[in-house]
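Note that the working numbering has the sequence shown beginning at 20, numbered continuously upward.
Before any comments, here is the structure.
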Amino acid sequence: MRGYGGRPGRSGLKPVRLSASAVKDISAIGNDIAADKPKAAAGFVDHLIQRCHSLANAPEEYGLKPSYGPGVRGVTVPPCIVLYRIRERGILTLGVRHGARKPVAFK
Numbered sequence: 020m021r022g023y024g025g026r027p028g029r030s031g032l033k034p035v036r037l038s039a040s041a042v043k044d045i046s047a048i049g050n051d052i053a054a055d056k057p058k059a060a061a062g063f064v065d066h067l068i069q070r071c072h073s074l075a076n077a078p079e080e081y082g083l084k085p086s087y088g089p090g091v092r093g094v095t096v097p098p099c100i101v102l103y104r105i106r107e108r109g110i111l112t113l114g115v116r117h118g119a120r121k122p123v124a125f126k
């Protein structure tokens, strides 16, 4: 799950990198879902990862989430929010949070 994504051969796209924290969050979400619905867990995890990598197409499309820290943007993947920053070299996915939980800022 780690590393830069993006789609090779498409100019202008910034690569997407899943941070260790984002990978850990996605894994924990998958494990939580799997406790009740194992088949649904794999599908949702795949959907989250695809959504993260799709940020390469339009990273500025999603709004800033100042309660999570400066420069942090978020895209909703119900019931979660994928949080990321646009960097010079690409897009860094910071973490995935449940939308109903109180925001905790990233450094």
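Even for Gly, the Cβ is constructed at its ideal location relative to N, Cα and C.
Because the structure is a prediction, the values reported are computed rather than measured.
Closest Cα partner of residue i within the set the options
i      : options                 : result
Ile105 : Val123, Gly82 and His66 : Gly82
Ile173 : Ala77, Asp55 and Leu102 : Examination of residue 173 is not possible in this model, given that the chain is present from 20 through 126 alone.
Leu37  : Gly88, Phe63 and Gln69  : Gln69
Cβ neighbour criterion (16 or more within 10 Å) applied to residue i
i     : result
Arg92 : buried
Lys84 : buried
Arg26 : Residue placement at Arg26 is flagged as unreliable, the pLDDT there being 44, under the threshold of 50; a coordinate-derived value is accordingly withheld.
Val94 : buried
Residue i, DSSP secondary structure in three states
i      : result
Leu32  : coil
Arg70  : helix
Tyr81  : coil
Gly114 : strand
Arg21  : With a pLDDT of only 40 at Arg21, under the threshold of 50, the placement of this residue in the model should not be trusted; the figure read from the coordinates follows. DSSP places Arg21 in coil when its eight states are reduced to three.
Gly62  : helix
Val123 : coil
Contact belief for residue i with residue j at Cβ below 8 Å, rounded distance in angstroms
i      : j     : result
Val115 : Ile48 : 6 Å
Beta carbon proximity, residue i to chain B, threshold 9 Å
i     : result
Phe63 : Protein chains in the displayed structure number just one, and chain B is not present.
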